[in-house]
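Chains as they are written, first to last, in my numbering: chain A, 1 to 170; chain B, 171 to 584. Backbone N, C-alpha and C define an ideal beta-carbon position, used for all residues, glycine too. Only a predicted model underlies this, so the values are computations on that prediction, with no experimental measurement involved. This report refers to the structure that appears directly beneath it.
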């Protein structure tokens, strides 16, 4: 682990009691959902991690509990190091606070995670679907969402297909 | 009858100003079928006369579920899907996926030198080809038609080189985990040499048409200014970031392939407008030529060396062995049907694509299929800046701004 990163990780351990994992020289820090905004704020303001490179999620259904991990990839221009934050979130329709206030570009990434995984970001300014159509049912990148295809809907089979479509559960 | 979940006006209210409700401003739909949005990008514009008050991009028309599909395939078969993301940067997509898989299984130090050199040459040629498409369409948007024709003429030469090495012009899948599909043919050296000797004159020609052209400058100078702080805060990368005065290029900051041994510069401009991004990309093409020239000489020195890792676990056996070795046949069969297993763990690998930081988040679960593949695509990240850049400009300038961000919708929607 690079020296600077070691310093950052040790400080995070002390202040937030996080767990740290290293794989192929890449450092992942496990953060609890309620801490994420504070951790991001600390990393940006005190340790110059000013670039949120990526934000995504992973689904471990059915093997693991908690089911989802939200993954943040941070980078520091000044020190040329990157750090990954992992946030395990509980439940079927989990939620965690948004980091939009710290990194404005999280806006679209969080919308994508909401669209694809159904993970809710509390306090997000515009949490709508981004890639799928607005009336889509389900969250495609969940592991229990089948990998299928959509039958083309023509005039002659319009109603047949309409009847078979999945509806919102409530 | 058709039941749809209606989206109510209230849900979209926060996107526009109060003036829109009062009828003072107009909401105009632009795209998704519009020649200057460079694909299927839809914009909802709030206009005060001809001035853009607000701009809301609507994307997803080209979403094909590549990530979901890749999770259902093994690591080798998934490789063909990555070309389809950013169809102007196919070699670069293959490269970043190959690097990620190699890092995940731990063979990143076993890739032979010759493979690295060929990868570098092809990726840099691809950068030139992609910039040519950008330059052509960007100039076309600004009514400089002849540049478009010249650019596509030169791009064809690069695609012919790709066809020479891989048999395909665009969807090459030539760079694969573990090395390359095969060695380059004999006439590869001459073909590339011919191109790099011919091309510098052409860049001068494009510049003669545009750089000092008063019409072009009126449309680009001072338009869509991105301030340095905003570029960092909003996570811009690539020429958009460098056009705003930040000298950051992954090829220099975290070198991969053979970039740390090559001599090249990172062009930077301070202004942050459309014209600055234009100048950065033009200079980048020159630097790419410089890289290709050096790598081509290097290629000569590696004549006869292998282009795949010697670790047979991750590459298929050579065709010559299949005729007389039973083990090779078994291995060949197992390799193509079952694939190889990757350990539990996650890696994030990023390369400098023509548009910016192209990253792959790849997570293995101990089996032959990935648990999660995520592409951090530069177009998606940079497109997010559009509302910020467009505010206060004319609709006609919006066209110039979209062109200057250089988005590829296949890359945005994945």
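On the DSSP letters alone, give me the boundaries of the beta strand (DSSP E) that residue i sits inside.
i	result
residue 224 (chain B)	221-228
residue 99 (chain A)	Unbroken run through residue 99 (chain A): none, as it is neither H nor E.
residue 475 (chain B)	Neither: residue 475 (chain B) is in no beta strand (DSSP E) and is coded neither H nor E.
residue 22 (chain A)	19-23
residue 121 (chain A)	120-122
residue 558 (chain B)	Residue 558 (chain B) -> not in any beta strand (DSSP E); alpha helix (DSSP H) instead, spanning 556-560.
residue 28 (chain A)	26-30
residue 522 (chain B)	515-523
Name the two residues that bound the continuous alpha helix (DSSP H) containing residue i.
i	result
residue 239 (chain B)	236-241
residue 290 (chain B)	283-311
residue 581 (chain B)	579-583
residue 4 (chain A)	3-16
residue 380 (chain B)	358-380
residue 549 (chain B)	548-553
residue 206 (chain B)	Counting along the chain, residue 206 (chain B) falls outside any alpha helix (DSSP H), and DSSP gives it neither H nor E.
residue 388 (chain B)	384-390
residue 130 (chain A)	From DSSP, residue 130 (chain A) is part of no alpha helix (DSSP H); its letter is neither H nor E.
residue 320 (chain B)	315-336
residue 108 (chain A)	106-117
residue 491 (chain B)	489-492
residue 567 (chain B)	565-575
residue 163 (chain A)	158-164
Closest to residue i by C-alpha separation, out of the options, would be which residue?
i	options	result
residue 215 (chain B)	B:199, B:499, B:206	B:199
residue 76 (chain A)	A:5, A:1, A:57	A:5
residue 376 (chain B)	B:303, B:391, B:563, B:541	B:303
residue 418 (chain B)	B:437, B:430, B:496, B:433	B:437
residue 44 (chain A)	A:8, A:160, A:148, A:112	A:8
residue 387 (chain B)	B:479, B:194, B:570	B:570
residue 379 (chain B)	B:395, B:358, B:539, B:314	B:314
residue 258 (chain B)	B:223, B:235, B:305	B:305
residue 229 (chain B)	A:146, A:164, A:161, A:129	A:129
residue 511 (chain B)	B:485, B:496, B:527, B:298	B:485
residue 402 (chain B)	A:103, A:14, A:115	A:103
residue 96 (chain A)	A:140, A:3, A:33	A:33
residue 54 (chain A)	A:78, A:46, A:84, A:161	A:84
residue 89 (chain A)	A:145, A:66, A:101	A:66
residue 393 (chain B)	B:574, B:415, B:217, B:504	B:574
Quick one: what's got a C-beta closer than 6 Å to residue i's C-beta in the same chain, skipping five residues either side?
i	result
residue 439 (chain B)	413, 446, 449, 450
residue 549 (chain B)	525, 577, 578, 581, 582
residue 245 (chain B)	271, 509
residue 342 (chain B)	260, 332, 336
residue 541 (chain B)	533, 535
residue 86 (chain A)	28, 30, 69, 71
residue 280 (chain B)	479, 481
residue 487 (chain B)	498, 501, 502
residue 353 (chain B)	477
residue 170 (chain A)	Note that residue 170 (chain A) has pLDDT 45, beneath the 50 cutoff, so the model's placement of it is unreliable and the number below is only indicative. Cβ neighbours of residue 170 (chain A) beyond the five flanking positions: none.
residue 348 (chain B)	478, 479, 484, 485
residue 404 (chain B)	555
residue 209 (chain B)	579
residue 212 (chain B)	201, 202, 228
Can you give me the Cβ contacts of residue i inside the same chain, cut-off strictly under 7 Å, excluding the 5 residues immediately before and after it?
i	result
residue 519 (chain B)	266, 269, 270, 273, 529, 530
residue 171 (chain B)	Its pLDDT being 34, under 50, residue 171 (chain B) is placed unreliably by the model, and the measurement read from it follows with that caveat. Hits under 7 Å: none found.
residue 143 (chain A)	59, 61
residue 472 (chain B)	283, 284, 287
residue 98 (chain A)	106, 110, 121, 122, 123, 124
residue 358 (chain B)	334, 335
residue 184 (chain B)	none
residue 173 (chain B)	Any answer about residue 173 (chain B) is weak, because its pLDDT of 44 lies below 50 and its placement is not dependable; what the coordinates show is given next. Once the five neighbours on either side are set aside, residue 173 (chain B) has no close Cβ partner at all.
residue 309 (chain B)	317, 318, 380
Excluding five sequence neighbours on each side, which residues of the same chain lie with their C-beta closer than 8 Å to the C-beta of residue i?
i	result
residue 1 (chain A)	9, 22, 25, 27
residue 465 (chain B)	287, 290, 291, 294, 428, 432
residue 19 (chain A)	29, 30
residue 264 (chain B)	249, 252, 253, 342, 343, 344, 345, 346
residue 329 (chain B)	299, 339, 340
residue 513 (chain B)	274, 275, 276, 534, 536
For residue i, write down the residues that DSSP places opposite it in a beta bridge.
i	result
residue 588 (chain B)	The shown model of chain B, from 171 to 584, leaves out residue 588 (chain B), and the question about it has no answer.
residue 544 (chain B)	B:531
residue 349 (chain B)	B:346, B:478
residue 526 (chain B)	B:523
Indicate whether at least one CB of chain C lies closer than 8 Å to the CB of residue i.
i	result
residue 531 (chain B)	Looking at the structure shown, chain C is missing, and the protein chains on hand are A and B.
Which residue spans inside the region 247-274 of chain B form an unbroken alpha helix (DSSP H) run of at least 4?
-> 249-252
What are the start and end residues of each continuous alpha helix (DSSP H) run of 4 or more residues lying completely inside the region 35-86 of chain A, in chain order?
-> 36-47
Residue ranges of each beta strand (DSSP E) within the region 404-454 of chain B, 3 or longer = none
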